[in-house]
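Structure first, then comments.
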Amino acid sequence: MIQFQNVSKIYEGDVQAINNVSFNVDNGEVVILIGPSGCGKTTLLRMVNQLESITDGEIRLHGNNVKELNKIEMRRNIGYVIQSNGLFPNMTIEKNVMIVPDLLGWDRKKQRDRFHYLMELIGLHPDDYRTRYPHELSGGQQQRIGVARALAADPPVMLMDEPFGALDPIIRNRLQEEFLQIQREVKKTILFVSHDIDEAVKMGDKITLLRKGEVMQFDRPTEILNHPKNAFVSEFVGQDRVLKSMSLYSIKDLSQAISLKQKVESNDTKTIKEDTSLRIAISILLNQEADQIIVLDDAGNNLGSLTLDLIEQFLHKEVKRTEIK
Amino acid sequence: MSKQKRIAIIVKAFFWILVLAFFYWVVTNNMFSRIIEDPNKFFTLLTQHITIVIVSSFIAVLTSIPLGILLTRPKFRRGEWLVVNIANLGQTIPSLAVLALAMGVLGIGMKAAIVALYVYSLLPILQNTIAGIDSVDSKTKDAARGMGLTPKQILWRVELPNAAFSIIAGVRTALVINIGTAALAYLIGGGGLGVWIFTGIQLFDNTYLMSGAIPVTLLAILVDLGCRVLQFLLVPKGLRLAREAIKS
Ligand SMILES: Nc1ncnc2c1ncn2[C@@H]1O[C@H](COP(=O)(O)OP(=O)(O)O)[C@@H](O)[C@H]1O
Ligand SMILES: [Mg+2]
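If you're matching them up, the sequences are chains A and B in order. Each step along the first sequence adds one to the number in the numbering used here, with nothing skipped, and position 260 is 260. Each step along the second sequence adds one to the number in the numbering used here, with nothing skipped, and position 150 is 150.
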């Protein structure tokens, strides 16, 4: 767990980069740090592993004030990924990935096994890459290696500064998906810098929106999207924020909040799985000539049907927090 | 094949034909007669020449590389300007003047020659060490720091391997310059193959001149080649790939 308590940072020359920031990154959670360029995201991230000093306030890592920890030891227990991957051009991929375990004195066999595991995890064949060098790899592959390297010694906490920022949209999207998959397996405590609200909404359990070094809102993505605290937040997340939030709810969420329509016996309507997002459901309903789709559970049982009316009701209940009469 | 490459090959071929023609002339005109008549003297001069070069360069390496490393540490960064300028001074003064100065302080002999050449080789090695270390991507160093490498580990595992190419290039430059400049050691009684070269000039005797000058030239070419092999062996493969990737 990472706790920021009234943290401030003033750079030389009186530049106030961070101003009285407080929030927590709970264990196993991904918190996205987002905001316009120059708002202090990188600074705040780098204060956690003491690459930048803390001017005021405290950052606690698993309850300990980071200022009191041994810097070198602490950093070896935190995974660190940066945008331009920062791989060592003089080392093979295996040496790169295994740098921290090597510093920690792991034996050869343990390193080998770990390398195998990590490469499988990021979807690259271990033996194809072991003896190759960073310059032989594509940008996407290098970034994957960067993630594997950060995970190498199995640190409980990860700091990631726009790890997919330099990649083209298709590759970025794929890496985001892979990353979520990996996170479901490894359950790390992650502070993740992004400047892309779509990425933040997709990847974050919570989002911290910064502006000029101050926290504008710290909340779950649905809250940020549906209940922006002020004009800045609302403008930052964009006018399509409600539509964006629809991708965060599944039909199941809807059926738990308000019930689906009674079963209808009809052959011509389309069916949909209950874990599908509302965004896709809306899209299908708008495309379809029929005004309802049959919702099925995993076993294929008919649970009822979904209509645009129901989605609107859900919207009012969940998003606008008002009931339609 | 690109046009540039073709031109380069033609120029090289032309150069080597000239070299071969020259050697043919040298051998057929018995220009190496001094070496054949007095091989002992030749080996004495050659040994002196090599000793001057090796000892001076070796001490220069031992001075310049650690100095370069020191000057790229954050603490001593500000000293860089001063030290490089002092070393620059040694380089700007004509080699003959450096020799004369050394002789003035240390008297006649090989020691003065070694000191003069030492001063002369400091700068290329120092500059290349600093440039090599500075050329390491700051993002790479930042990643290393963030992962918990100590400054010493960053130096040995990241900075020096990445700077190796540049450092060896500096040593190569220093060695090749020294081999040529060591011929001047004769002027302050330091011995070396310069003895025959200057005798040849004074007596208008081409056999002396060639018996001294050609071994010096060959020595320079050989050392240059040796350094390139060393570069190939010592520079990590990944960096070679990186350089090639940038070039193409
Ligand atoms: N080393 C530094 N010295 C002085 N000012 C800095 C330094 N690093 C960053 N800043 C300033 O701090 C502010 C926040 O920068 P940064 O954390 O890099 O923002 P972000 O990552 O959100 O783009 C900016 O105004 C930037 O100019
Ligand atoms: Mg940044």
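Glycine included, every Cβ here is placed at the ideal spot set by N, Cα and C. Because the structure is a prediction, the values reported are computed rather than measured.
According to DSSP, residue i sits in a beta bridge with which residue or residues?
| i | result |
| --- | --- |
| D161/A | I82/A, V193/A |
| I59/A | F4/A |
| S250/A | S277/A |
| D219/A | I207/A |
| K9/A | I18/A |
| E214/A | R211/A |
| S305/A | K261/A, I294/A |
| L33/A | V193/A, T208/A |
| V25/A | I2/A |
| N65/A | R60/A |
| T92/B | T92/B pairs with nothing; no bridge assigned. |
| T271/A | I294/A |
For residue i, count neighbouring Cβ atoms within 10 angstroms of its own Cβ and tell me buried if that reaches 16, exposed if not.
| i | result |
| --- | --- |
| A257/A | exposed |
| F15/B | exposed |
| A249/B | As shown, chain B starts at 1 and ends at 248. That puts residue 249/B outside it, with no answer to give. |
| K325/A | Only weak support exists for where K325/A lies, its pLDDT of 45 falling under 50; the value from the coordinates is given anyway. The residue in question, K325/A, is exposed, as its Cβ has fewer than 16 Cβ neighbours within 10 Å. |
| P161/B | buried |
| W196/B | buried |
| N226/A | buried |
| F42/B | buried |
| Q4/B | exposed |
| L222/B | exposed |
| N64/A | exposed |
| F179/A | buried |
| T129/B | buried |
| R144/A | buried |
| G38/A | exposed |
| R6/B | exposed |
| D219/A | buried |
| N230/A | exposed |
| I170/A | exposed |
| Q239/A | exposed |
| F232/B | exposed |
Going by the C-beta, is residue i closer than 7 Å to any heavy atom of ligand 1?
| i | result |
| --- | --- |
| Y11/A | yes |
| A17/A | yes |
| G38/A | yes |
| G35/A | yes |
Using a cut-off of 8 Å between C-beta atoms, extract the partners of residue i located in chain E.
| i | result |
| --- | --- |
| I82/A | Of the protein chains in the structure, A and B, none is chain E. |
Problem - Stretch-stretch touch, CB-based, cutoff 8 Å, three pairs: the segment 130-142 of chain A with the segment 99-106 of chain A - result: no
Problem - Beta carbon nearer than 7 Å to a non-hydrogen atom of ligand 2 - result: K41/A, T42/A, D161/A, E162/A, V193/A
Handout entry: the segment 184-202 of chain B touching the segment 77-89 of chain B, judged by at least three CB pairs closer than 8 Å
Key = no
Handout entry: At least three beta-carbon pairs within less than 8 Å, the segment 149-162 of chain B to the segment 77-97 of chain A
Key = yes
Problem - Cβ pair count under 8 Å reaching 3, the segment 203-223 of chain B against the segment 65-80 of chain A - result: no
Practice task
Report yes or no: do three or more beta-carbon pairs, one from the segment 34-53 of chain A and one from the segment 110-125 of chain B, lie closer than 8 Å?
Solution key: no
Practice task
Count the CB pairs spanning the segment 4-15 of chain A and the segment 47-58 of chain A that are closer than 8 Å, and state whether there are at least three.
Solution key: yes
Practice task
Decide yes or no for the touch test of the segment 30-40 of chain B against the segment 170-189 of chain B: beta carbon pairs closer than 8 Å, at least 3 of them.
Solution key: no
Problem - At least 3 beta-carbon pairs within less than 8 Å: the segment 39-56 of chain B vs the segment 227-238 of chain B - result: no
Practice task
Evaluate the contact criterion for the segment 293-302 of chain A versus the segment 270-278 of chain A: three or more CB pairs, one atom per stretch, below 8 Å.
Solution key: yes
Practice task
Inspect the CB distances between the segment 121-131 of chain B and the segment 161-174 of chain B and report whether three or more fall short of 8 Å.
Solution key: yes
Exercise for the section: Evaluate the contact criterion for the segment 88-97 of chain B versus the segment 139-153 of chain B: three or more CB pairs, one atom per stretch, below 8 Å. Expected result: no
Exercise for the section: Answer yes if the segment 14-25 of chain A comes into contact with the segment 199-218 of chain A, meaning at least three C-beta pairs across the two stretches below 8 Å, and no otherwise. Expected result: yes
Exercise for the section: Kindly confirm or deny that the segment 181-196 of chain A and the segment 107-116 of chain A touch, where touching means at least three C-beta pairs closer than 8 Å. Expected result: no
Practice task
Flag this pair as touching only if the segment 274-294 of chain A and the segment 241-253 of chain A have three or more C-beta atom pairs under 8 Å; answer yes or no.
Solution key: yes
Exercise for the section: Count the C-beta pairs between the segment 122-132 of chain A and the segment 155-170 of chain A that are closer than 8 Å, then say yes if the count reaches three, no if not. Expected result: no
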